[in-house]
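Trainee: Each residue of the sequence shown is one higher than the one before, counting from 1016 in the numbering used here. Cβ coordinates follow ideal geometry from the N, Cα and C atoms, glycine included. All values derive from a computational prediction rather than experimental measurement. To start, I am sharing the structure in question, which I have written as structure tokens.
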Amino acid sequence: MQAEDTLRAWLQDSGWLMTALRSARALGLGTWCVGAGAVRNVVWERLHGRRLLAEQLADIDLAHHSPLRGGADDDARLTRQLRQTSRLPWEVVNQAFVHRWPGARPGMRAHADLAAALASWPETATAVGAWLDAEDGLHLVAPHGVEDLMAGVLRPSPGVDAQLFARRLQEKGFLTRWPGLRQAARG
């Protein structure tokens, strides 16, 4: 529980992230979180003695699981709405439909819920999201826990292809940007 408490404190200390979480909450989606790089990079910058600025992000991932809402068109509309109101680089994705994307793994099934969707994200440290309740209580979605994220450990999520994981490490430049990270032993 200590790692989760520290994570919550670090996220609450990020003014732009709290603003982003409030903007996302205002959409009124059922189950949602801001995750991936927006959360991961806040933590890894802190582990390296720095603070993450919103301008350093390629995008802010808002994941939601809404099987009764539209797919890509609805996500594009929500993305535009958030970008106009907050001027942040949003990307909204309804995780209930990613199994239908071009390039989805053959035989991929729909995710049952938001936690199952995050569990499929490539790295355990990336598969962490945060959301706010109506009273600004900050909650976490972390199907693989937060320990790897908080310890700066790079580990593929269960079921993720080793080649995909290695390619992402290279493409994302994790070890160059954050040299204090360490790759988990294979096993």
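Going by DSSP, what residues sit across from ASP1148 in a beta bridge?
Mentor: Indexing the sequence shown from 1 puts residue 1148 at position 133. Answer is none; ASP1148 lacks a bridge partner.
Trainee: With a threshold of 8 Å, are at least 3 pairs of Cβ atoms found where one atom belongs to the stretch 1054 to 1068 and the other to the stretch 1186 to 1200?
Mentor: Yes, they touch.
Trainee: Please confirm whether LEU1042 and LEU1093 have their CB atoms less than 8 Å apart.
Mentor: For the purposes of this step, residue 1042 is identified with residue 27 of the sequence shown, where counting begins at 1. For the purposes of this step, residue 1093 is identified with residue 78 of the sequence shown, where counting begins at 1. Taking 8 Å as the Cβ cut-off, LEU1042 and LEU1093 qualify as a contacting pair.
Trainee: For ARG1115, count the other beta carbons within 10 Å of its own beta carbon; 16 or more makes it buried, fewer makes it exposed. Which is it?
Mentor: Sequence index remark: in the sequence shown, residue 1115 carries index 100 (1-based). In this prediction, ARG1115 scores a pLDDT of 48, lower than 50, which makes its location untrustworthy; no coordinate-derived value is stated.
Trainee: Within the same chain, show all residues whose beta-carbon is closer than 7 Å to that of ASP1148, passing over the 5 residues directly before and after it, in chain order.
Mentor: To locate residue 1148, count along the sequence shown from 1; it is residue 133. For ASP1148, where only same-chain residues beyond five positions count, the Cβ hits under 7 Å are HIS1154.
Trainee: Got a sec, what are the start and stop residues for the alpha helix (DSSP H) GLU1070 sits in?
Mentor: What you label residue 1070 is simply residue 55 of the sequence shown in a count that begins at 1. Neither: GLU1070 is in no alpha helix (DSSP H) and is coded neither H nor E.
Trainee: Would you tell me roughly how many angstroms separate the C-alpha atoms of ASP1020 and ARG1182, rounded to the nearest one?
Mentor: Locating residue 1020 in the sequence shown gives position 5, where the first residue counts as 1. Locating residue 1182 in the sequence shown gives position 167, where the first residue counts as 1. Spanning the two alpha carbons is a distance of roughly 32 Å.
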